[in-house]
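Just so you know, we're using the numbering used here here: the sequence shown kicks off at 18 and counts up by one.
Where a beta carbon is used, it is the ideal one built from N, C-alpha and C, also for glycine.
Taking it in order: structure first as structure tokens, then the write-up.
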Amino acid sequence: NREWDNFNIKLRSYSLKECDSIIEYIEKNIKYTNKVKYLQYIKYYFEEKIFAIVYVGEESHIILKADGKFNIAVRKEFKKTVFPSYVINKYHWNMILIGKELPVQIICRLIETSKEEVIDTMTKRQKDIYDYLLNSINQ
Numbered sequence: 018n019r020e021w022d023n024f025n026i027k028l029r030s031y032s033l034k035e036c037d038s039i040i041e042y043i044e045k046n047i048k049y050t051n052k053v054k055y056l057q058y059i060k061y062y063f064e065e066k067i068f069a070i071v072y073v074g075e076e077s078h079i080i081l082k083a084d085g086k087f088n089i090a091v092r093k094e095f096k097k098t099v100f101p102s103y104v105i106n107k108y109h110w111n112m113i114l115i116g117k118e119l120p121v122q123i124i125c126r127l128i129e130t131s132k133e134e135v136i137d138t139m140t141k142r143q144k145d146i147y148d149y150l151l152n153s154i155n156q
């Protein structure tokens, strides 16, 4: 059905626009130390710890870390958009579909939460290296 195909194309382009907004937010506002692109995935790191994985494609999504109890509450609230991430650890990591019921602004706040969670789990040595890298980037 041609009408259905046009609807799917519009949905896909909407999702990709939101995905671009999320990538732009991370790259402008989060001081990450490394970015790795592999196929349709972009992984963002602090030192050697991942804090976000963005999948850009037909079912664009982002994988973010948060406290386990917080994750359970978010998954209950947004059942059609937020799921446990079996890629890393389903208790601490969520897979959030982009272009569904969560606005980009809320996803950006969840990115900040993921950043804080990952930095909190870093060892003193990792934090020192991260701080050193940030200082050298900013100079």
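Q. Just the Cα atoms here: how many angstroms apart are residue 99 and residue 36?
A. 15 angstroms
Q) How many angstroms separate the CA atom of residue 175 from the CA atom of residue 95? A) Only positions 18 to 156 of the chain appear in this structure, which leaves residue 175 out of reach.
Q: Could you tell me the boundaries of the alpha helix (DSSP H) in which residue 88 lies?
A: 85-94
**Q.** Backbone CA spacing between residue 51 and residue 41 [nearest angstrom]
**A.** 15 angstroms
Q | Exposure of residue 152, with buried meaning 16 or more beta-carbon neighbours within 10 Å | A | exposed
Q | Inter-residue Cα distance where the pair is residue 102 and residue 149 | A | 31 angstroms
Q.
Quick check on the DSSP output: the beta strand (DSSP E) that includes residue 121 runs from which residue to which?
A. No beta strand (DSSP E) contains residue 121, which is instead part of the alpha helix (DSSP H) from 121-137.
Q.
Contact between the stretch 137-144 and the stretch 117-129 is defined here as three or more beta-carbon pairs at a separation below 8 angstroms; is this criterion met?
A. no
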